[in-house]
Each structure stands twice: as structure tokens, then as C-alpha cells.
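Q: Start counting the sequence shown at 3; every next residue gets the next number (the numbering used here).
All residues carry an ideal CB built from backbone N, CA and C; glycine is no exception.
Predicted, not measured: the structure shown is a model, and the values here were computed from it.
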Amino acid sequence: MDTLYLIILNVILPVFILIGLGAFLHRKFSFDMHTLSKLNTFLLLPTLSFVNIYETSLKGEILVRIIGFLTIQNLILMLLSALLAKVFKFDRSLSATFKNSVVLNNSGNFGLPVSQLVFQENPLGTSIQVVVTIFQNFITYTYGLMTSVSVNTKGLGAMKEFFKNPIIYALLLGMIFNALTIKIPFFIWRPIDDISNAFLAIALITLGAQSAFLKITKFSLQLILSLIGRLVFSPIIAFIIIIVLNLEGTTAQALFIASSFPSSRNSALFALEYKNHPEYAAQSVLLSTLFSSITVTVVVYLAKILF
3 MDTLYLIILN VILPVFILIG LGAFLHRKFS FDMHTLSKLN TFLLLPTLSF VNIYETSLKG
63 EILVRIIGFL TIQNLILMLL SALLAKVFKF DRSLSATFKN SVVLNNSGNF GLPVSQLVFQ
123 ENPLGTSIQV VVTIFQNFIT YTYGLMTSVS VNTKGLGAMK EFFKNPIIYA LLLGMIFNAL
183 TIKIPFFIWR PIDDISNAFL AIALITLGAQ SAFLKITKFS LQLILSLIGR LVFSPIIAFI
243 IIIVLNLEGT TAQALFIASS FPSSRNSALF ALEYKNHPEY AAQSVLLSTL FSSITVTVVV
303 YLAKILF
């Protein structure tokens, strides 16, 4: 009960305050959603991805095991979501948003606070979540972005559109700077850091604006499948992989808990930018975040018992 209370108070509530603020302001002032989309996609997201990669220090056997787990898990989720989209005959646009809602999770502003709560006396748990967050960033800005881009353009055209996005170059630049341990002068780092810190608030306010006029009168099939895929199937798949790979202790706990986080706000941003059912994407993020206050608590409880 204490865990549920802390997750709601320290994670869910702050997220929904910003989302609610975005919805209120959009209703009052009618934001230019095109401008907000460009701001997120071409400035805030690239800067955040650069900072995350630049600041990380990953090494050791445990890193190999974590990356192995995450690779297998994400490949299964990609295949599962693609199969479900095909079985239920979703069109290309709906399929892209559905797949992103299942594969991409909110491991940053949701996952890190949860891990800090759960592993207060065990820094390894939070460190593993940092690795998960970086891996998710990589999946988001490669698979997630390409999935969204390829809806309206195919083949070479999709690749050209993909490489127009600055997120890819920010990711590569971060890797190069990290590998070469290049020191960034303070007068340059300060604005980079400020922009990176602005991402969370602006992204959630944008999500709120997307949701300002949403009316969920019923749960559509794709919405139900998104919620089940993200909040139920993902932890079950993670549990099976943990058993197969014989992961134990804090590593098993942290990875199991990380698999239960809600859909990433980036899936809604991509849907908005590339016009792939943005309302449905916003619904998936909002409702998965809301329901995750229950499902994540259950997974945390099971993680402590099972591992």
C-alpha cells in the first residue's frame, strides 16, 4: 500500500499536473500544435538524446546481460505488436502508432522515479534503470521513428525522411563525444543542459494539449490491445526471459519492474508529428500511465517475492 501511495504521489500526480496544465492552456489559448510538434521533435528530443548518451558510463559483464535481455524483450514485443496489427487488419497509420504504444515505454520520467523509490537502499537497481532508459532512447529514435516515418513514405523515400530527423545525429554525436571523452565547454554545455531539462515539461504539456478535446466514450479495440500489450504482456514476456537467462537478485528485479512501465510520451509526439492517429496515441499514453499506478505496484510486489 505504501508503494502504491508513493508511486501515485511522487510519479503519477506530477505527470498529470503537467498534462492537465497543457490541456487547460490549449483550451484557453489554442496552441499551435504544429509548432509544438516541431519544437519537441527538432530541438528538445535531439538535445535530450545527446545528453543521455554523452553522460552515461556503461561497462562490465552486467551490462552485457542487461543489453541481452533488453534486445530479446524488445524484439519479441516488436514481433508481437506487428502480428496483432496484422491479425486485426489495422491500416499502416494505425499499425505504426499501435506498435509504438506497445514497444516504447516511459522509462525516463516515469521509470527512474519508480526505481529510485523501490531501490532507495540499493544503487544498483537505479543504475540498471539508467541503462534501460538509454536503451529505450536508442529504440525510440531508431525503430520508433522509422515506424512512424515509413507510413507515408516507402523504401528510399522513408530512409531519406528518417535521416532528416536530427535525433539520429544527436545520438551518434553523443556516442562519439562519450567514447572520446570530449569535454564540452561550460558556456556551450549550459544551454544544452537547460534545453534537455525543458523536455519533460514541454513534452507533457504538449501531450495535455493533444488530449484537451479527447472524449473517451468507449475503449476501442486498438486502445485495449495497447494497454494489455504494454502493461500485461510486456511484464509476462520479461519474466519468461529472466527465467531463461537465469537472471537473479537486483538485476532480475530491476528488469522485471522496468518492463511494466506505461507507453512512452514519445509515441504520442511521433504520432502528432507524422499524423498517425495522434488522438489514439494520446489516449494510449494517458490511460496506460493512469492504469500503471496499479500494474506497476503489482509487478514491484511480485519482483520482491519472485527474485
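Taking only three categories from DSSP, how would you classify N107?
A: Strand at N107.
Q: Along the chain, where does the alpha helix (DSSP H) that runs through L79 open and close?
A: 63–89
Q: In the DSSP assignment, the alpha helix (DSSP H) including F112 goes from what residue to what residue?
A: First-last for F112: undefined, no H or E at that position.
Q: From A256 to Q131, what does the alpha carbon distance come to, in whole angstroms?
A: 7 Å
Q: Given A284, which residues of its chain have a CB within under 7 Å of its CB, disregarding the five upstream and five downstream residues?
A: Excluding its 5 nearest sequence neighbours in each direction, A284 has C-beta neighbours in its own chain below 7 Å: L209, Q212, S213, L216, A270, listed in chain order.
Q: Reducing DSSP to helix, strand and coil, say where S262 ends up.
A: If DSSP states are grouped into helix, strand and coil, S262 belongs with coil.
Q: Looking at the structure shown, is S150 part of a helix, part of a strand, or coil, going by DSSP?
A: helix
Q: Ordered along the chain, which non-local residues of its own chain (more than five positions away) have a Cβ less than 8 Å from that of I21?
A: L206, I207, L209, G210, S213, L288
Q: Between S294 and L225, which are expected to be in contact by the criterion C-beta below 8 Å, what is the C-beta distance as a whole number of angstroms?
A: Contact flag wrong, Cβ pair sits at about 15 Å.
Q: Would you kindly check if the distance between the Cβ of L50 and the Cβ of S198 is under 7 Å?
A: Yes. Within cutoff.
Q: For T73, tell me which candidate among Q122, L304, N124, A240 has the shortest Cα-Cα distance.
A: Looking only at Q122, L304, N124, A240, the smallest Cα-Cα distance to T73 is reached by A240.
Q: Drop a sphere of 10 angstroms on the beta-carbon of Y303, count the other beta-carbons inside from all chains shown, and report buried for 16 or more, exposed for fewer.
A: exposed
Q: Hey, how far is the Cα of I204 from the Cα of F309?
A: 37 Å
Q: Look at T128 and F121 and say whether their C-beta atoms are less than 7 Å apart.
A: Against a cut-off of 7 Å, the Cβ pair of F121 and T128 comes out as a contact.
Q: By the three-class DSSP mapping on this structure, what secondary structure does Y122 have?
A: Looking at the sequence itself, residue 122 is Gln, so the reference to Tyr does not match. Correct three-state label for Q122: coil.
Q: Can you look up K40 in the DSSP assignment and give me helix, strand or coil?
A: The DSSP-derived three-state label of K40 is helix.
Q: Are V298 and S261 touching if we call contact CB-CB under 7 Å?
A: no
Q: Per the contact definition of three or more C-beta pairs closer than 8 Å, is the stretch 79–89 in contact with the stretch 169–188?
A: no
Q: Please report the straight-line C-alpha distance between R267 and A87, rounded to a whole angstrom.
A: 20 Å
Q: If you draw a straight line from the C-alpha of I178 to the C-alpha of I218, how long is it?
A: 45 Å
Q: Grouping DSSP H, G and I as helix and E and B as strand, with all else coil, what is S51?
A: helix
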